[in-house]
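Below is one structure, written out as structure tokens; the observations come after it.
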Amino acid sequence: MLVSAAEMLKKAKEGKYAVGQFNINNLEWAKAILLTAQECNSPVILGVSEGAGKYMCGYTTVVGMVKGMINELGITVPVAIHLDHGSYEHALKVIEAGFSSVMFDGSHYPIDENIEKTKEIISIAHSKGISVEAEVGSIGGEEDGVVGGGEVADPAECKMIADLGVDFLAAGIGNIHGKYPANWKGLNFDVLAEIEKVTSPMPLVLHGGTGIPADMIKKAISLGVAKINVNTECQLSFAAATRKYVEAGKDLEGKGFDPRKLLAPGVEAIKETVKEKMELFGSVNKA
Ligand code: 13P
Numbered sequence: 073m074l075v076s077a078a079e080m081l082k083k084a085k086e087g088k089y090a091v092g093q094f095n096i097n098n099l100e101w102a103k104a105i106l107l108t109a110q111e112c113n114s115p116v117i118l119g120v121s122e123g124a125g126k127y128m129c130g131y132t133t134v135v136g137m138v139k140g141m142i143n144e145l146g147i148t149v150p151v152a153i154h155l156d157h158g159s160y161e162h163a164l165k166v167i168e169a170g171f172s173s174v175m176f177d178g179s180h181y182p183i184d185e186n187i188e189k190t191k192e193i194i195s196i197a198h199s200k201g202i203s204v205e206a207e208v209g210s211i212g213g214e215e216d217g218v219v220g221g222g223e224v225a226d227p228a229e230c231k232m233i234a235d236l237g238v239d240f241l242a243a244g245i246g247n248i249h250g251k252y253p254a255n256w257k258g259l260n261f262d263v264l265a266e267i268e269k270v271t272s273p274m275p276l277v278l279h280g281g282t283g284i285p286a287d288m289i290k291k292a293i294s295l296g297v298a299k300i301n302v303n304t305e306c307q308l309s310f311a312a313a314t315r316k317y318v319e320a321g322k323d324l325e326g327k328g329f330d331p332r333k334l335l336a337p338g339v340e341a342i343k344e345t346v347k348e349k350m351e352l353f354g355s356v357n358k359a
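And the structure:
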């Protein structure tokens, strides 16, 4: 069932668990995540970066593919298709294309401009029942060419953006996209607690879910995080499983080359990763 992410995250926040956002890049990725969500009876958010959207031949292709899969695979758990780190222009494009949720990442604008643009996106998205995520304080690391300095968000700015009526808010608290460096200081729970205090009951979003230790994930959820984004970990497990298959020469066995068999171990690996995260985030049986 394709839905906006507002209701599922409100429920997650109240129930003290988090819904996973798993980024998709192709049909295999989307299928693996949808099947796992159904098996775990968990709500799920499919994240689409601008680059992944372009790769998959545009946002209308993504919407058509995901809607077709929901129908053909009999997916009954709540599913949101969400633009990840959208620019202003692309936020408008996905709203047109039929996404059910959008992140407008205005964190690189001065706060006044971030506020103006966020307000506009909220008004257009909400008129169509589409949920909106905003960001304050950039997330560190690089994702799809978007580089963030990893600054920690200012709780007062978080409140300003939250008060505009966004549905959920991503706030930088020392989290980084991709692998964490050995000297990473960990999440800044003092700032998270302050942000929660001034924005509650707004669901908070934790980006850079790959490589955050389980105890930190649980603590973040206890402090108001209701959506956790995971991308790199699925990429790594997919690549490792596919590499193993190729190195064993299995792609060359038999009569012909079957791309479906080549990708199958990667799909299974993504399923395992997603299931593990849903268990850790506490979203199993919360559909
Ligand atoms: P990771 O790639 O670190 O899992 O982060 C994903 C993310 O935050 C997508 O917005």
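Under the numbering used here, think of the first position of the sequence shown as 73, with each following residue one higher.
Just so it is clear, CB atoms sit at the ideal spot from N, CA and C, and this is done for glycine as well.
| query | result |
| --- | --- |
| Paired residues, beta bridge with M175 - DSSP | E205 |
| Where M175 falls, given that 16 or more other Cβ within 10 Å makes a residue buried | buried |
| Three-state secondary structure (DSSP) of H157 | strand |
| Length-filtered (3 minimum) beta strand (DSSP E) runs lying within the region 259-295 | 276-278 |
| The region 220-239 / the region 260-267 touching (three or more Cβ pairs under 8 Å) | yes |
| Beta-carbon proximity check, A84 vs P337, cutoff 8 Å | no |
| beta-carbon V346 near the ligand 13P non-hydrogen atom, thresh 7 Å | no |
| Stretch-stretch touch, CB-based, cutoff 8 Å, three pairs: the region 106-121 with the region 146-160 | yes |
| Stretch-stretch touch, CB-based, cutoff 8 Å, three pairs: the region 179-192 with the region 95-106 | no |
| Outcome for T282 when other beta-carbon atoms lying within 10 angstroms are tallied against a minimum of 16 | buried |
| Beta-carbon proximity list for A292, same chain, < 7 Å, skipping 5 on both sides | L259, L264, L278 |
| C-beta atoms of S114 and A286 nearer than 8 Å | no |
| Check: T282 C-beta below 7 Å from any heavy atom of the ligand GTP | In terms of ligand content, the structure shown lacks the ligand GTP and carries the ligand 13P instead. |
| Collapsed DSSP secondary structure at S309 in the structure displayed | helix |
| Rounded C-alpha distance that separates D177 from I187 | 11 Å |
| Distance cut-off 7 Å: V134 Cβ against heavy atoms of the ligand 13P | no |
| Test item: CB-CB of V149 and Q110 under 8 Å | yes |
| Test item: CB-CB of V356 and C112 under 8 Å | yes |
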